[in-house]
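Enquirer:
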Amino acid sequence: MAPTITALRKPLVEKLRRERINSSIEQLKSLLGPDFLKQQPDSKLEKADILEMTVCVLRRLQQQHHQQRRLLNHVNKLQSSSDNNLTEADFSPLSSTVQTSITKDKSPDNSAV
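This is how it looks when you write it as structure tokens:
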């Protein structure tokens with residue numbers, strides 16, 4: 001019995017899959033850059049090592065992103081609070097001046113003039 005098309009294609013599909021994996025691993029290795037190479041200078045790294053290092057780098061970046069987001073939210077809250085306090089402080093003397101002016105206009109001395 002002759003092999004089926006699926007059986008004939010299976011080795012080719014597997015070869016293409018391995019090429020994609022190897023290409024992606026090489027890209028990860030180059031993206032990890034000099035810091036990565038400093039840690040493992042002369043050794044031939046296994047694919048698992050490269051993947052583990054990539055996970056570590058991504059986790060560190062994710063933590064930095066969360067810390068930056070928390071810091072930015074905190075700064076925005078402080079700025080908003082500061083703006084509200086500043087606005088109240090700026091308008092408070094103005095409000096009392098306007099109130100004094102209105103009171104003077106309603107006084108009996110000014111109505112006779």
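Start counting the sequence shown at 1; every next residue gets the next number (full-length UniProt numbering). All residues carry an ideal CB built from backbone N, CA and C; glycine is no exception. Keep in mind it's a predicted model, so treat the numbers as computed, not measured.
If you count every other CB in all the chains shown that lies within 10 Å of the CB of I50, and 16 or more means buried, which is it?
Expert: Buried: at least 16 other Cβ atoms inside 10 Å.
Enquirer: Keeping to the same chain, check which residues put their C-beta closer than 8 Å to that of V113; ignore five residues upstream and five downstream.
Expert: With a pLDDT of only 47 at V113, under 50, the local geometry of the prediction cannot be trusted, and the value read off the model is given with reservation. So the list is empty, once near-sequence residues are dropped.
Enquirer: Is L45 helix, strand or coil when you go by DSSP?
Expert: It is coil, neither helix nor strand.
Enquirer: Rounded C-beta distance between K47 and I25? I'm assuming under 8 Å.
Expert: Between I25 and K47 the Cβ distance is about 5 Å, and since that is below 8 Å, they are a contact.
Enquirer: On the three-state DSSP scale, how would you describe R59?
Expert: Note: R59 maps to helix in three-state DSSP.
Enquirer: In angstroms with no decimal places, state the Cα-to-Cα distance between Q63 and C56.
Expert: Approximately 11 Å between the Cα atoms of the pair.
Enquirer: According to DSSP, is T4 part of a helix, a strand, or is it coil?
Expert: Reduced to three states, the DSSP call for T4 is coil.
Enquirer: What is the C-beta distance between L71 and T54, in whole angstroms, given that I count them as a contact (C-beta under 8 Å)?
Expert: In fact, because the Cβ distance is near 26 Å, the residues do not count as touching under 8 Å.
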